[in-house]
Amino acid sequence: MHSTSQQIREALASSTQGLSEAEMRQHPEGKWDAAAIVEHLALTYGSTARVMHKCLREGRPLATSSSLRHRAARFLLLRLHYIPPGRKAPKQVVPSGIAGNEALELISANLEKMDDALAQCEQRFGSKVNIADHPVLGPIPISGWRKFHLLHTRHHMKQIEALKTSFSQGRSVAAGTD
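Okay, so the sequence shown: first residue is 407 according to my numbering, each after it adds one.
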């Protein structure tokens, strides 16, 4: 497993370890619970794996040209590590409401699939070529995909940590919907 994927695995384990199903489902009105956050991340990992497998099937990178908006988004996220608040998740990665234990199983499986697909693409196409388009960041190389997923995971693990803190304080705290 690539070191970035291992960091993702460790961040997930640290934030979700010991959470009961009831705690995984607790959330403020209109916000995602921990199970939904984990499912969302699992869906993003699965989506990336599918895109990488498509590149492998077609025998070529599928990245298109970059727009100014893409370059700005990449600079904010990949260079400054800034994820703007309030961004809504694309519909294909919006959680459906599966149980917490199912979400944890799905994220583990999809992280493995993504890690494997990224490694295969890196071996076949190299690490520097823009491999495929991210919906917000546009065309990025393998290293950009890995960094995006690490930063995105850390962003959401902060939300789970805030939820856990609210459990212990008996109050509600806002977790994201992005």
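For every residue, glycine included, the Cβ atom is placed at its ideal position computed from N, Cα and C.
Along the chain, where does the alpha helix (DSSP H) containing residue i start, and where does it finish?
i: Gly544; result: Not the alpha helix (DSSP H): Gly544 falls in the beta strand (DSSP E), residues 544-547.
i: Asp521; result: 506-531
i: His459; result: 440-464
i: Ala478; result: 474-480
i: Gln432; result: Note, Gln432: premise wrong, no alpha helix (DSSP H); not H, not E.
i: Ser411; result: 409-422
Measure the C-alpha to C-alpha separation of residue i and residue j and round it to an integer number of angstroms.
i: Arg415; j: Ser472; result: 30 Å
i: Gln526; j: Gly492; result: 34 Å
i: Val500; j: Val457; result: 17 Å
i: Phe554; j: Leu483; result: 7 Å
i: Thr410; j: Arg552; result: 6 Å
i: Lys570; j: Gly532; result: 40 Å
i: Thr370; j: Leu474; result: It is not possible to answer for residue 370, since the shown part of the chain is limited to 407 through 584.
i: Ser421; j: His433; result: 15 Å
i: Ile546; j: Ala469; result: 7 Å
i: His562; j: Ala455; result: 20 Å
i: Leu462; j: Pro496; result: 24 Å
i: Gln423; j: Glu567; result: 11 Å
i: Ala580; j: Trp438; result: Residue placement at Ala580 is poorly supported in this model, since its pLDDT is 49, which falls under 50; the coordinates are not used for a value here.
i: Arg530; j: Asn536; result: 13 Å
i: Ser514; j: Phe573; result: 25 Å
i: Pro467; j: Ala505; result: 36 Å
i: Ala479; j: Arg431; result: 32 Å
Which stretch, first to last residue, makes up the beta strand (DSSP E) that contains residue i?
i: His540; result: 536-540
If residue i sits next to residue j, beta carbons under 8 Å apart, how far is it from one beta carbon to the other, in whole angstroms?
i: Gly544; j: His446; result: That pair is no contact at about 21 Å.
i: Leu512; j: Ala417; result: The Cβ separation is near 16 Å, so there is no contact.
i: Gln412; j: Leu556; result: 10 Å between Cβ atoms; not a contact.
Can you check which of these residues, the options, is closest to residue i by C-alpha distance?
i: Gly503; options: Gln412, Glu427, Ser421; result: Glu427
i: Ala440; options: Ser533, Gln412, Gly452, Ala419; result: Ala419
i: Ile489; options: Ser572, Lys564, Gln413; result: Lys564
i: Glu464; options: Ala538, Glu508, Val542, Leu556; result: Ala538
i: Glu508; options: Gln412, Ile443, His408, Ala479; result: Ile443
i: Ala523; options: Glu435, Ser453, Phe481, Met430; result: Ser453
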